[in-house]
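Undergrad:
4 protein chains.
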Amino acid sequence: MARQTLNVTALKIRNTATEMFAENGYDGTIMDELMVRSGVNKASIYYHFQDKSNLYEQCLTHLFANIADAVIEATELAPTGALKLQAFVQTFAKLAHDTPAMPAILMREIASGGHHMPVTARQQMQRLLSNLKMILNTKDLDQPFESINALTPHFMIIGSLCFYLTSQPMREGIKTTEKLDPTLEEFTQQLIHILQSGLVKNNEGVQS
Amino acid sequence: MARQTLNVTALKIRNTATEMFAENGYDGTIMDELMVRSGVNKASIYYHFQDKSNLYEQCLTHLFANIADAVIEATELAPTGALKLQAFVQTFAKLAHDTPAMPAILMREIASGGHHMPVTARQQMQRLLSNLKMILNTKDLDQPFESINALTPHFMIIGSLCFYLTSQPMREGIKTTEKLDPTLEEFTQQLIHILQSGLVKNNEGVQS
Amino acid sequence: MARQTLNVTALKIRNTATEMFAENGYDGTIMDELMVRSGVNKASIYYHFQDKSNLYEQCLTHLFANIADAVIEATELAPTGALKLQAFVQTFAKLAHDTPAMPAILMREIASGGHHMPVTARQQMQRLLSNLKMILNTKDLDQPFESINALTPHFMIIGSLCFYLTSQPMREGIKTTEKLDPTLEEFTQQLIHILQSGLVKNNEGVQS
Amino acid sequence: MARQTLNVTALKIRNTATEMFAENGYDGTIMDELMVRSGVNKASIYYHFQDKSNLYEQCLTHLFANIADAVIEATELAPTGALKLQAFVQTFAKLAHDTPAMPAILMREIASGGHHMPVTARQQMQRLLSNLKMILNTKDLDQPFESINALTPHFMIIGSLCFYLTSQPMREGIKTTEKLDPTLEEFTQQLIHILQSGLVKNNEGVQS
DNA sequence: TATGAATGAGAATTCATTCAT
DNA sequence: GATGAATGAATTCTCATTCAT
Chain A
1 MARQTLNVTA LKIRNTATEM FAENGYDGTI MDELMVRSGV NKASIYYHFQ
51 DKSNLYEQCL THLFANIADA VIEATELAPT GALKLQAFVQ TFAKLAHDTP
101 AMPAILMREI ASGGHHMPVT ARQQMQRLLS NLKMILNTKD LDQPFESINA
151 LTPHFMIIGS LCFYLTSQPM REGIKTTEKL DPTLEEFTQQ LIHILQSGLV
201 KNNEGVQS
Chain B
1001 MARQTLNVTA LKIRNTATEM FAENGYDGTI MDELMVRSGV NKASIYYHFQ
1051 DKSNLYEQCL THLFANIADA VIEATELAPT GALKLQAFVQ TFAKLAHDTP
1101 AMPAILMREI ASGGHHMPVT ARQQMQRLLS NLKMILNTKD LDQPFESINA
1151 LTPHFMIIGS LCFYLTSQPM REGIKTTEKL DPTLEEFTQQ LIHILQSGLV
1201 KNNEGVQS
Chain C
2001 MARQTLNVTA LKIRNTATEM FAENGYDGTI MDELMVRSGV NKASIYYHFQ
2051 DKSNLYEQCL THLFANIADA VIEATELAPT GALKLQAFVQ TFAKLAHDTP
2101 AMPAILMREI ASGGHHMPVT ARQQMQRLLS NLKMILNTKD LDQPFESINA
2151 LTPHFMIIGS LCFYLTSQPM REGIKTTEKL DPTLEEFTQQ LIHILQSGLV
2201 KNNEGVQS
Chain D
3001 MARQTLNVTA LKIRNTATEM FAENGYDGTI MDELMVRSGV NKASIYYHFQ
3051 DKSNLYEQCL THLFANIADA VIEATELAPT GALKLQAFVQ TFAKLAHDTP
3101 AMPAILMREI ASGGHHMPVT ARQQMQRLLS NLKMILNTKD LDQPFESINA
3151 LTPHFMIIGS LCFYLTSQPM REGIKTTEKL DPTLEEFTQQ LIHILQSGLV
3201 KNNEGVQS
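Protein chains in written order, with the working numbering: chain A, 1 to 208; chain B, 1001 to 1208; chain C, 2001 to 2208; chain D, 3001 to 3208.
1) With DSSP collapsed to three states, give me the class of A:V40.
2) Does B:N1007 pass the burial test, meaning 16 or more other C-beta atoms within 10 Å, or should it be called exposed?
3) Can you tell me which residues form a DSSP beta bridge with D:F3225?
4) Determine the DSSP secondary structure at D:A3010, reduced to helix, strand or coil.
5) So, does the CB of D:H3097 fall closer than 8 angstroms to a CB anywhere in chain C?
6) Give the secondary structure of D:P3100 by DSSP, where H, G and I count as helix, E and B as strand, and everything else as coil.
7) Within 8 angstroms of any Cβ in chain A, is that where the Cβ of B:V1206 sits?
8) Please classify A:L180: is it buried, with 16 or more other beta-carbons within 10 angstroms of its beta-carbon, or exposed?
9) Report the CB separation of C:L2085 from C:L2195 in whole angstroms; it is logged as a contact under 8 angstroms.
10) So, under 8 angstroms CB-CB, D:M3107 and C:A2111 are touching, yes? Tell me the CB distance rounded to an integer number of Å.
11) Just curious, the alpha helix (DSSP H) that D:A3078 is in, first and last residue?
12) What does the alpha-carbon distance come out to for the pair D:I3030 and C:V2119?
13) Could you pull out every residue in the same chain whose Cβ sits closer than 7 angstroms to the Cβ of C:S2038, ignoring the five residues on either side in sequence?
14) By the criterion of Cβ-Cβ separation under 8 angstroms, what are the contact partners of A:D181 in chain B?
15) Would A:S160 pass as an interface residue toward chain B - the criterion being a Cβ-Cβ separation below 8 angstroms?
16) Is B:D1051 helix, strand or coil when you go by DSSP?
17) Comparing alpha-carbon positions, which option in D:Q3123, D:C3162 and D:C3059 lies nearest D:L3095?
18) Could you list the residues in the segment 2018-2037 of chain C with a C-beta less than 9 angstroms from some C-beta on chain D, going in chain order?
19) Compare the C-alpha of B:Q1190 against each of A:F145, A:N149 and A:Q58 and name the closest.
20) In chain C, which residues lie less than 7 angstroms from D:G3114 when you measure between Cβ atoms?
21) Going by CA-CA distance only, name the one from C:H2062, C:N2024 and C:G2028 that's closest to C:A2010.
22) Under a three-way DSSP split, which group does B:T1005 fall into?
23) DSSP three-state label for B:M1117, please.
24) May I have the straight-line CA-CA distance separating B:F1064 from B:E1109, to the nearest angstrom?
25) Any beta-carbon of chain B closer than 8 angstroms to the one on A:M102?
26) Output the distance between the C-alpha atoms of C:S2197 and C:G2028, rounded to the nearest integer angstrom.
27) What do you reckon, are the CB atoms on D:G3113 and C:M2170 nearer than 8 angstroms?
28) Do you know offhand how far D:H3129's Cα is from A:Y46's?
29) At a CB distance below 7 angstroms, what residues from the segment 2121-2138 of chain C approach chain D? Give them in sequence order.
30) Pull up the distance between the alpha-carbon of D:V3206 and that of D:F3088, whole angstroms please.
31) Exposed or buried, which one is C:A2121 when buried takes at least 16 other CB atoms within 10 Å?
32) Can you tell me the Cα-Cα spacing of B:A1074 and C:N2041, whole angstroms?
33) What residues in its chain sit with their C-beta under 7 angstroms from that of D:T3091, if we drop five residues either side in the sequence?
34) Name the two residues that bound the continuous alpha helix (DSSP H) containing C:T2152.
35) Note down the Cα distance separating A:L55 from A:H116, rounded to an integer number of angstroms.
36) Please classify B:G1081 as buried or exposed, where buried requires at least 16 neighbouring CB atoms within 10 angstroms.
What follows is the structure, given as structure tokens:
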């Protein structure tokens, strides 16, 4: 668990690289550009990170390091199942918003079969799913969730938030005068609302 | 709208290229490999598609060509709002499943800001969103949806389905003995169920 | 056995590369220089030879291709053991002289443990040794060779000729006015003479 | 002639470097690896040896330092020409065997024209040759050598021994069950025997 | 149209060497 | 003397694209 401490140069490299990998993907990220953008000599990059693929791995590992911890911690603090669900969504939303590289890289990685994802990163996503499972199994009197496979709400949360956040710059390009897109807060509220409605037992919702 | 008819060679190229773009992204797709995998001489590829970026555009254009049409058509056939919503989800799910390159490329494109998406492809997604908006505004007596920004359910549908479908190979790698992952049908059913519950007016769902 | 026919470009590359490998060794040979000296575009080199190490292998394979055949053929034409030995030395001397890259590369390769020698090249040397063994076992009435391990004369021939030929430029740098170095013919004659004297049975030579 | 005394670190560096130069040649030897294999910090290597080419020179100078002295001394102790020749071969064989880097580097250097050999190292080889010349001119009554250019026997000795010794690891890879390769002692005996037979005046050997 | 060969502009990586401490 | 970090100049190799037939 001992996180190795990187010196200033290595940190600058990793941060810039993470941004670039998010923007352009692995193959679209050019080491020369990384050198320019990070202001670090190219040989130094190799000194600290051996090669591009290792650098990528380090970036992902760090990027996904604390996600599950943060989300799980937040859900544990919430008293009821409904509030746990809410905490789950809100915490993930906040993390994804504060670290926009994360949803972008996650989407690319999932799209390519996760072949380049370090195990640690994959485990984080697994732990998130397990956590959601547990929440949905909460037998609270007031918020007994439907017996549903957790994967569905899991992807509804992760998927919709990733799409919402990463598509933001794209949507801003097409500024329509009419009803504006929801803010992240609004989006999150609506997401939570729909999920809670749909996941509550004895829900009077429509049967398809 | 006149769809140019491609000959056998061009078709082989475009199909293989689409697969490869989905697997490896634009930058990760190498023309030499395309030549090998498609069994078509490299110079021929250039003869038929000018250059890589044009080939990419052609692939995307074709990939996203009928999506909105198909979904809209299906929703129009459904009599009630709830069934329209259901048709929306099921049609998109079917299309994405039958053309697995589509969700993969969509995710990559969104993640990178959609810079390389041809306008036509973007329009398809716009039309899908508009269609969903319309559905949610349906003033049916029996299925009056909440006044909610359509973007949220839109991304819940598209996002969760894309994540579910593209992550399938990855999840199969981590075969857990316990409760299996839902099939696409199950996933779709649950997705629809949650959405309908959450989007129905006067829903007694929990307030956050 | 089918020798692939290289086109003009590939031949130019291989010939120049062989020269350069002989002069500077594997690591001392720079692909950019090869491109300049051969007048061939760098990418073409890679097109024809994949990478440096494969190019090296091709050079060696070709360089050592016919050596054993030529030597063996020459020895077979000679009627007596003594003349076979003479043919062995003279043919190898001629080959090494006409293809100066061969002794140079052979020396480097042996010095580094032959790790980079393609099997075919090694086999040629093996065949040469076997051939010499056979010659030394000749039971001619007039030239019955001593029962001696063939490796010794083998290396006396190969080793001395390689040293003589590759050191020629070096020795010419130190032009001494006194007795000139022997020509290749003289060197070969003396080599043959010493060997024959030393290898003849019932030789009245000095016991050590 | 004052040999500077190296401290432990410098010795470790030079010994490791000599090994590596023998194994991989000048260009194939990488300073980073030297640092790892010698366990000495890279900057320290430069502190002690200025740069790679100087380090190489130091290695060669030391490697070839006492060769001629040792051989000459041994030959001077031998009373007759035949025994001097024997001493020459045996001493060189012992030196080359005890310092396997020497024959390897010698072969590489000769193969590349000796461009990187420090003068002192070249002089050693010159002195060896001169010494052999002198031996062959010995006018002993009992061992009058043929008037032959000394270069031939010189290279027969140096060349065959270098080839024999450096090819040992390679030959061991091809363990044949039949007649084993001669040991160094056997090889040396046979070498001496052939040379003496071939170099004795009035030798009744075969005329070619 | 089809194809083997050619090519220039990159892009990843290496390596000897130096610097600051 | 020793050491981790930094650096510039190579060096190997790749890749989209074009050419000649």
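Every residue, glycine too, gets a C-beta built ideally from N, C-alpha and C.
Given the structure is predicted, the values throughout are model-derived calculations rather than measurements.
TA: In this structure, then:
1) Counted from its first residue, the first sequence places residue 40 of chain A at position 40. A:V40: coil per DSSP, three-state reduction.
2) Here residue 1007 of chain B is taken as the residue at index 7 of the second sequence, counted from 1. Exposed, since its Cβ has fewer than 16 Cβ neighbours within 10 Å.
3) Outside the displayed span of chain D (3001 to 3208) sits residue 3225 of chain D, for which this structure offers no information.
4) Position 10 of the fourth sequence holds residue 3010 of chain D. Correct three-state label for D:A3010: helix.
5) Position 97 of the fourth sequence holds residue 3097 of chain D. No, D:H3097 lies away from the interface with chain C (no Cβ there is under 8 angstroms from its Cβ).
6) The residue given as residue 3100 of chain D occupies position 100 in the fourth sequence. Looking at D:P3100 - three-state DSSP - the assignment turns out to be coil, as it is neither helix nor strand.
7) Taking the first residue of the second sequence as position 1, residue 1206 of chain B is located at position 206. In this predicted model, B:V1206 has a pLDDT of only 40, less than 50, meaning its place in the structure is not dependable; the value taken from the coordinates is given anyway. True, the Cβ-Cβ gap to chain A drops below 8 angstroms.
8) Stepping through the first sequence from its first residue, residue 180 of chain A is reached at position 180. Per the 10 Å Cβ criterion, exposed.
9) For this step, residue 2085 of chain C is matched to residue 85 along the third sequence. For this step, residue 2195 of chain C is matched to residue 195 along the third sequence. Right, the Cβ-Cβ distance comes to about 6 angstroms (below 8 angstroms), so this counts as a contact.
10) By 1-based counting over the fourth sequence, the position of residue 3107 of chain D is 107. By 1-based counting over the third sequence, the position of residue 2111 of chain C is 111. 4 angstroms between Cβ atoms; contact.
11) Counting from 1 along the fourth sequence, the entry for residue 3078 of chain D is found at position 78. Per DSSP, D:A3078 belongs to no alpha helix (DSSP H) and is neither H nor E.
12) Numbered from 1 along the fourth sequence, position 30 holds the residue referred to as residue 3030 of chain D. Numbered from 1 along the third sequence, position 119 holds the residue referred to as residue 2119 of chain C. Their backbone Cα atoms lie some 27 angstroms apart in a straight line.
13) Within the third sequence, residue 2038 of chain C is the residue found at index 38, counting from 1. Closer than 7 angstroms at the Cβ level, and outside the excluded window around C:S2038, lie K2012, I2013 and T2016.
14) On the first sequence, residue 181 of chain A is found 181 positions in, with the first residue counted as 1. Under the 8 angstroms cutoff, chain B gives N1149 and L1151.
15) Here residue 160 of chain A refers to the residue found at position 160 of the first sequence. Yes, A:S160 counts as interfacial toward chain B.
16) Walking along the second sequence from the start, residue 1051 of chain B turns up at place 51. Coil at B:D1051, not helix or strand.
17) Along the fourth sequence, one-based indexing puts residue 3095 of chain D at 95. Nearest option by C-alpha distance: D:C3162.
18) A2022, E2023, N2024, G2025, Y2026, D2027, G2028 and T2029
19) Taking the first residue of the second sequence as position 1, residue 1190 of chain B is located at position 190. Minimum Cα distance to B:Q1190 is reached at A:N149.
20) Your numbering for residue 3114 of chain D matches position 114 in the fourth sequence. Neighbours of D:G3114 on chain C, chain order: M2170.
21) One-based indexing of the third sequence puts residue 2010 of chain C at position 10. Cα-wise, what sits closest to C:A2010 is C:H2062.
22) Taking the second sequence and counting its residues from 1, the one referred to as residue 1005 of chain B is at position 5. Residue state, collapsed to three classes: coil.
23) The count along the second sequence starts at 1 and reaches residue 1117 of chain B at position 117. Here B:M1117 sits in coil by DSSP.
24) Position 64 of the second sequence, counted from the first residue, corresponds to residue 1064 of chain B. Position 109 of the second sequence, counted from the first residue, corresponds to residue 1109 of chain B. Cα to Cα, the separation comes out at about 12 angstroms.
25) The residue you call residue 102 of chain A lines up with position 102 of the first sequence. By this cut-off, A:M102 is not an interface position.
26) Counted from its first residue, the third sequence places residue 2197 of chain C at position 197. Counted from its first residue, the third sequence places residue 2028 of chain C at position 28. Distance between the alpha carbons of C:S2197 and C:G2028 is about 42 angstroms.
27) Numbered from 1 along the fourth sequence, position 113 holds the residue referred to as residue 3113 of chain D. Numbered from 1 along the third sequence, position 170 holds the residue referred to as residue 2170 of chain C. Their beta carbons are under 8 angstroms apart, which means D:G3113 touches C:M2170 by this criterion.
28) For the purposes of this step, residue 3129 of chain D is identified with residue 129 of the fourth sequence, where counting begins at 1. For the purposes of this step, residue 46 of chain A is identified with residue 46 of the first sequence, where counting begins at 1. Going by the sequence as given, residue 3129 of chain D is Leu instead of His. Approximately 50 angstroms between the Cα atoms of the pair.
29) none
30) Locating residue 3206 of chain D in the fourth sequence gives position 206, where the first residue counts as 1. Locating residue 3088 of chain D in the fourth sequence gives position 88, where the first residue counts as 1. Annotation note: pLDDT 40 at D:V3206 (below 50); position unreliable, coordinate value reported separately. Between D:V3206 and D:F3088, the C-alpha separation is close to 26 angstroms.
31) As a working note, residue 2121 of chain C is residue 121 in the third sequence. It counts as buried.
32) Taking the second sequence and counting its residues from 1, the one referred to as residue 1074 of chain B is at position 74. Taking the third sequence and counting its residues from 1, the one referred to as residue 2041 of chain C is at position 41. Going from the Cα of B:A1074 to the Cα of C:N2041 covers about 58 angstroms.
33) One-based indexing of the fourth sequence puts residue 3091 of chain D at position 91. Cβ neighbours of D:T3091 beyond the five flanking positions: A3070, V3071 and A3074.
34) By one-based count along the third sequence, residue 2152 of chain C stands at place 152. It spans L2151 to T2166 - the alpha helix (DSSP H) in which C:T2152 sits, taken as one unbroken run.
35) Translated into positions along the first sequence, residue 55 of chain A becomes position 55. Translated into positions along the first sequence, residue 116 of chain A becomes position 116. Taking the straight line joining both Cα atoms gives about 12 angstroms.
36) Here residue 1081 of chain B corresponds to residue number 81 of the second sequence, with the count starting at 1. Buried.
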